[in-house]
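Input: a single structure, listed below in structure tokens.
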Amino acid sequence: MNKIYAISALAIVAALTGGIGATLLLDSWSRDDSADAFGECRESRVAGAGDIGGPFELVSETGETVTDTDVITQPSLLYFGYTFCPDVCPLDNARNVVAIEILEEQGQIVTPVFITIDPERDTPDQLATFTDNMHPRMIGLTGSLDQTSAASRAYRTYFSHQEPDEDGYYLVDHSTSTYLVLPEHGFVEFFSRNALPEEMAETISCFVNAAS
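This is the structure:
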């Protein structure tokens, strides 16, 4: 990925942190951490966390049908967005890439995964162009509207297609959280738009170490 682009993108993330509201509910973590293998890594609690995540079947950027077990073979950061997104998606994914590059320098490999909520326009080829520009290890996933909607529901994300303009172009409102998913544990944590890559890397490292 173009490092200059990533750093430049991060410079204006703060201006967009209002973004589109996430659908997750938070409060401070206030329970016995000994009951949770990842308790020391958490700074917040997600209401209904046990219901977030699960199986999905989608189509990869290479055109192959894949499932969650095919994709999540390493610690992974999942983001739901679309390639025609004018600002939020590129910025969020650039931030995520910086976080995984920090981790890679520390010897921990985390896979970035981009799942479209606009499958009509986000063909495998379109996704491949987007992910290749972001990071060589980023995986792009599309599918039918039913498939992508099912994956979105599994992670309790929100999206709504706006009316197209006279040229047929349209925007998609969507939630902007990034999900940390571990192969043997599923969803374990999420990051909001205002999370810094250094903070994300530290938290992810804690989860990965606790899982090993």
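Each step along the sequence shown adds one to the number in the numbering used here, with nothing skipped, and position 212 is 1067. Ideal placement from N, C-alpha and C gives every residue a C-beta, glycine not left out. Keep in mind that this is a model prediction, so the values were computed, not measured.
Contact between residue 997 and residue 978 is confirmed by a C-beta separation of about 7 angstroms, below the 8 angstroms threshold. Only residues of its own chain outside the window of five on either side were considered, and among them 929 have a CB closer than 7 angstroms to the CB of residue 964, listed in chain order.
Remark: C-beta atoms of residue 1031 and residue 1048 approach each other more closely than 9 angstroms.
The three-state reading of DSSP puts residue 1007 in helix, counting H, G and I together. Ranked by how close their Cα comes to the Cα of residue 986, the residues 952, 1004 and 1043 have 952 in first place. Between the alpha carbons of residue 917 and residue 1053 lies a distance of about 31 angstroms. Counting the other Cβ atoms within 10 Å of the Cβ of residue 906 gives fewer than 16, which makes it exposed. Taking C-beta atoms under 8 angstroms as the contact rule, residue 910 and residue 923 qualify, at a distance of about 5 angstroms.
Between the alpha carbons of residue 962 and residue 943 lies a distance of about 29 angstroms.
When C-alpha distances from residue 1016 are compared across 1028, 1063, 1023 and 983, the shortest belongs to 1028. The continuous beta strand (DSSP E) containing residue 1044 extends over residues 1041–1046. Non-local C-beta neighbours of residue 1041 in its own chain, meaning closer than 7 angstroms and more than five positions away in sequence, comprise 908, ordered along the chain.
For residue 957, the uninterrupted alpha helix (DSSP H) run begins and ends at 943–960, by DSSP.
If only uninterrupted alpha helix (DSSP H) runs of at least 4 residues are considered, those enclosed by the region 903–945 are 923–926.
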